[in-house]
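If you read the protein sequences in the order shown, they are chains A and B. Its first residue numbered 1, the first sequence is counted upward by one per residue in the working numbering. Its first residue numbered 1001, the second sequence is counted upward by one per residue in the working numbering. Heads up, the beta-carbon is just placed ideally off N, CA and C, and yes, glycines get one too. See below for the structure under consideration.
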Amino acid sequence: MAEPLFTPEEQKKFDAEIAEILSHYPADRKSAAMLPALRLLQELKGWLPPEGLKLVASRLGVTPERAYEVASFYVMYHLKKPGKYTVDVCTNLSCSLWGAEKMLAYLEQKLGLKAGESNERFFLRETECLASCGTAPCLQINEEHHESLTKAKVDAIFDKLP
Amino acid sequence: MATTAFEPIISSAWGKPNSWTLDEYRKRGGYKGLEKALELTPAQIIDEVKKSNLRGRGGAGFPTGLKWSFVPKDSPKPKYLAVNGDESEPGTFKDRYILENDPHMMLEGIAIASYALGVHTCYVYLRGEFKLQAERANAAIREAYAAGIFGKKMLGKDYQLDCYVVRGAGAYICGEETALLESLEGKKGWPRLKPPFPAVVGLFGCPTVVNNVETLASVPHVFTRGSAWYAGLGTDKSGGTRLVCLSGTVNRPGVYEVPLHTTFTELIFDDKYGRGLPAGRKVKAVIPGGSSAPILSPDELDIAMEFEAVKVKQTMAGSGGVIVMDDTTCMVRSLWRVARFYAEESCGQCTPCREGTPWQTRLLRKIEEGRGEPGDVEILSNVASSIAPYPPIGLGNTICALGDAAALPTHSFLMRFRDEFEAHIREHRCPFGDKPWGAFGEWS
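So this is what it looks like as structure tokens:
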């Protein structure tokens, strides 16, 4: 027997929240709820496992292929299990003018990963602009945003991670 | 010319305690604009917005009242309002401050716009990374429901309005209005061919207005203080104030609310704003309106940061993102960064963009790393021309403007700094060595 996708608590939360999300759309447009539904699944599981995609698809009345098509288009959805923390480092122009490339090099050394690589704890990647150009350089860890970063601040942030 | 004395209107409460709550917003006169608007007919509201000369703040600068007037009045289909909060253009970071500090200002604009347009459902589409901003917007929406602004009766009037936040999932293209609608429909963000325009065939095939966060936050002021007052703040063709995002090598980057006649020189050097460059640095180039806007030279900065004035220089005021590059900056590396962005964010639907944007990036990387060969600059220029010729702006070979946005920086960097590209190829190295961004900030 394959392990169930959700614990009973997760299942309850998923069912309640899917119902709430679907109520935001016209009854004949359930498929419009795809992005919030995928976000909910990822919140619960940390990524989008294939059986989860199938479940979302069935609740929205679309094929699993359609769910996969959408999930694979957007960079914030994880189709593979990432490390516990996804670290997005902005290296676009405004951040690079404030040293983001060097900050990334420091992080690569600190975490022992090259940008784009993942281990059990971290998934480090370059990202394209986090709307913090005036408070550069910046990075995001999962959904937590950090800006105006110095070496000391970066060290403090990573030292505090559970 | 401005006839009304300048005062910050959008950013007036930023940084004040609990500025994002309904209580604080009401203390500042919040929702008085909605009360006044509800005394008018929908047609009168649209007329007032036209008279205010409010222009869209998302990038294109299209007159807001005119956009609203395109929605067919006799359509039997439901109408929708979609708020564009997918702020992702490098150099642009203003809407997040509105959402963080004053979400009710945007919600009041949503309520006025919806009533004027006959909209009963509004979706606020925020970029996926905006967690705090989504939390603040959602909390403000809950307060608005509890206060009888949203829900079955808008301020006691027999008018129902529902409003929901939808978070994107990391795709810049979803800031393009038709891609945003596709994404709201639960699909990948592939832009649609226009026409038909969303005002006629938009979300779920129904008439839809797509407005930027700042545009809607501006709307209440047209009604609290009057359209003549609002128009008087701006220039002949553009009313109100503007949020400008200043970044790059200046002493005090940030978001500043400015009169529309403010020049780039004032923004960069004035004590009220950027306070100039670090000692010894000079301006080398300025991106005037987000990363896609063609660059300005140091001798072109005495123009107003307003749509018409910037257009004269064959560039765009765009979304208000001003990026300053100083004289220690490598222009090849800068363009490589910008080109990478467009390659990464191309949706892949149109061949010139899908194939051209990574090609630009590969060529730029090759040149920057000293592996460039004679002829590479010409190839780069040809690739950019295949995506979108230059000039004029806005006639690219792709469905949406992302192709233009990807090609324009290449054209403008090559036009103004071709020598630097050639020097990389001639010397087989970056002339700036391992300091392509100069020494700036702690990480240098």
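Show which residues of chain B have a CB atom less than 8 Å away from the CB atom of residue i.
| i | result |
| --- | --- |
| residue 146 of chain A | Correct list: empty, because the minimum Cβ distance to chain B is about 12 Å. |
| residue 102 of chain A | 1443 and 1444 |
| residue 70 of chain A | 1186, 1187 and 1188 |
| residue 36 of chain A | 1166 and 1167 |
List the residues that DSSP assigns as beta-bridge partners of residue i.
| i | result |
| --- | --- |
| residue 1287 of chain B | B:1323 |
| residue 1248 of chain B | B:1324 |
| residue 1167 of chain B | B:1126 |
| residue 140 of chain A | A:88 and A:145 |
| residue 126 of chain A | A:89 |
| residue 1079 of chain B | B:1119 |
| residue 1396 of chain B | Looking at the DSSP assignment, residue 1396 of chain B forms no beta bridge with any residue, so it has no partner. |
| residue 1209 of chain B | B:1081 |
| residue 1257 of chain B | B:1243 |
| residue 22 of chain A | In DSSP, residue 22 of chain A forms no bridge with anything. |
| residue 1279 of chain B | In the DSSP output, where bridge partners are listed per residue, residue 1279 of chain B has none listed. |
| residue 1304 of chain B | B:1263 |
| residue 118 of chain A | A:123 |
| residue 111 of chain A | Paired residue(s): none; residue 111 of chain A is not in a bridge. |
| residue 1296 of chain B | B:1286 |
Can you pull the chain A residues whose beta carbon is under 8 Å from the beta carbon of residue i, in chain order?
| i | result |
| --- | --- |
| residue 1442 of chain B | 99, 150 and 151 |
| residue 1131 of chain B | 143, 144 and 145 |
| residue 1245 of chain B | 133 and 134 |
| residue 1337 of chain B | 91, 92, 93 and 96 |
Which residues of chain B have a Cβ atom closer than 9 Å to the Cβ of residue i, listed in chain order?
| i | result |
| --- | --- |
| residue 163 of chain A | Outside the displayed range of chain A (1 to 162) lies residue 163 of chain A, so it cannot be described from this structure. |
| residue 24 of chain A | 1121, 1123, 1162, 1164 and 1166 |
Give the interface partners of residue i over in chain A, defined as CB-CB distance under 9 Å, in chain order.
| i | result |
| --- | --- |
| residue 1096 of chain B | 131 and 132 |
| residue 1253 of chain B | 94, 98, 133, 134, 135 and 136 |
| residue 1015 of chain B | Ordered by position in chain A, no residue passes the 9 Å Cβ test against residue 1015 of chain B, which lies about 14 Å from the chain. |
| residue 1341 of chain B | 92, 93, 128 and 129 |
| residue 1292 of chain B | Within chain A, no residue comes near residue 1292 of chain B; the closest Cβ sits about 12 Å away, beyond 9 Å. |
| residue 1334 of chain B | 93, 96 and 97 |
| residue 1445 of chain B | Since the displayed chain B opens at 1001 and closes at 1444, residue 1445 of chain B lies outside it and no answer follows. |
Taking residue i as the reference, give the member of the options with the closest Cα.
| i | options | result |
| --- | --- | --- |
| residue 1164 of chain B | B:1194, B:1172 and B:1126 | B:1126 |
| residue 1346 of chain B | B:1029, B:1038, B:1190 and B:1113 | B:1190 |
| residue 1059 of chain B | B:1210, B:1145 and B:1350 | B:1210 |
| residue 33 of chain A | A:56, A:52, A:75 and A:2 | A:56 |
| residue 80 of chain A | A:36, A:51 and A:160 | A:51 |
| residue 1140 of chain B | B:1329, B:1019 and B:1434 | B:1019 |
| residue 11 of chain A | A:136, A:126, A:30 and A:45 | A:45 |
| residue 1339 of chain B | B:1328, B:1003, B:1411 and B:1399 | B:1411 |
| residue 40 of chain A | A:60, A:13 and A:31 | A:13 |
| residue 1441 of chain B | A:117, A:104 and A:97 | A:97 |
| residue 1388 of chain B | B:1402, B:1377, B:1216 and B:1379 | B:1402 |
| residue 1335 of chain B | B:1303, B:1308, B:1277 and B:1377 | B:1377 |
| residue 1405 of chain B | B:1224, B:1089 and B:1370 | B:1089 |
| residue 1082 of chain B | B:1143, B:1216 and B:1131 | B:1216 |
| residue 83 of chain A | A:121, A:129 and A:35 | A:121 |
| residue 1044 of chain B | B:1223, B:1397 and B:1282 | B:1223 |
Under 7 Å between beta-carbons, which chain A residues line up against residue i? List them in chain order, please.
| i | result |
| --- | --- |
| residue 1331 of chain B | By Cβ distance, chain A contributes nothing, its closest Cβ being about 11 Å from residue 1331 of chain B, past 7 Å. |
| residue 1229 of chain B | Ordered by position in chain A, no residue passes the 7 Å Cβ test against residue 1229 of chain B, which lies about 29 Å from the chain. |
| residue 1248 of chain B | 94 and 97 |
| residue 1093 of chain B | 131, 132, 133 and 134 |
Residue i touches chain B at which residues, Cβ-Cβ below 7 Å?
| i | result |
| --- | --- |
| residue 33 of chain A | 1186 |
| residue 29 of chain A | 1204 |
| residue 140 of chain A | 1129 |
| residue 49 of chain A | Neighbours of residue 49 of chain A on chain B: none; closest Cβ ~17 Å, over 7 Å. |
May I ask you to check if the CB of residue i is nearer than 7 Å to at least one heavy atom of the ligand ADP?
| i | result |
| --- | --- |
| residue 1154 of chain B | You won't find the ligand ADP in this model; it holds no ligand whatsoever. |
Hey, is residue i's beta-carbon within less than 8 Å of any beta-carbon in chain C?
| i | result |
| --- | --- |
| residue 142 of chain A | Absent from the structure is chain C; the protein chains it does hold are A and B. |
Inset, instruction - Could you name the residues of the region 1165 to 1194 of chain B whose beta carbon sits closer than 8 Å to any beta carbon of chain A, in the order they occur along the chain? - result: Going along the region 1165 to 1194 of chain B in chain order, one finds 1166, 1167, 1168, 1169, 1170, 1171, 1172, 1183, 1184, 1185, 1186, 1187, 1188 and 1189 with a Cβ nearer than 8 Å to chain A.
Legend entry - chain A contacts from the region 1367 to 1400 of chain B (Cβ-Cβ distance under 7 Å): Close to chain A, meaning a Cβ-Cβ distance shorter than 7 Å, is no residue of the region 1367 to 1400 of chain B at all.
Legend entry - 4 or more residues per run - each alpha helix (DSSP H) lying fully within the region 1001 to 1072 of chain B: Within the region 1001 to 1072 of chain B, the runs of alpha helix (DSSP H) at least 4 residues long that lie entirely inside it are, in chain order, 1022 to 1027, 1032 to 1037, 1042 to 1051 and 1064 to 1069.
Legend entry - chain B contacts made by the region 72 to 87 of chain A, where a contact means CB separation under 7 Å: Residues passing the 7 Å Cβ filter: 73, 74, 75, 76 and 77.
Inset, instruction - Please list the segments of the beta strand (DSSP E) lying wholly inside the region 1140 to 1189 of chain B, counting only runs of 3 or more residues, in order along the chain. - result: DSSP runs (the beta strand (DSSP E)) wholly in the region 1140 to 1189 of chain B: 1162 to 1167.
Inset, instruction - Compile a chain-ordered list of the residues in the region 1345 to 1365 of chain B whose CB is closer than 7 Å to at least one CB of chain A. - result: Going along the region 1345 to 1365 of chain B in chain order, one finds 1345 with a Cβ nearer than 7 Å to chain A.
Legend entry - Positions along the region 1073 to 1091 of chain B whose CB lies within less than 9 Å of some CB in chain A: Within the region 1073 to 1091 of chain B, the qualifying residues are 1078, 1087, 1088, 1089, 1090 and 1091.
Inset, instruction - Can you give me, in chain order, the residues of the region 1405 to 1438 of chain B that have a beta carbon less than 7 Å from any beta carbon in chain A? - result: Residues of the region 1405 to 1438 of chain B with a Cβ closer than 7 Å to any Cβ of chain A, in chain order: 1437.
Legend entry - Residue ranges of each alpha helix (DSSP H) within the region 33 to 67 of chain A, 4 or longer: Complete alpha helix (DSSP H) runs here, min 4: 34 to 45 and 50 to 60.
Inset, instruction - Kindly provide the ranges of any beta strand (DSSP E) runs that are 3 or more residues long and lie completely inside the region 1303 to 1382 of chain B, ordered along the chain. - result: As far as the region 1303 to 1382 of chain B is concerned, its whole beta strand (DSSP E) runs of at least 3 residues are 1321 to 1326.
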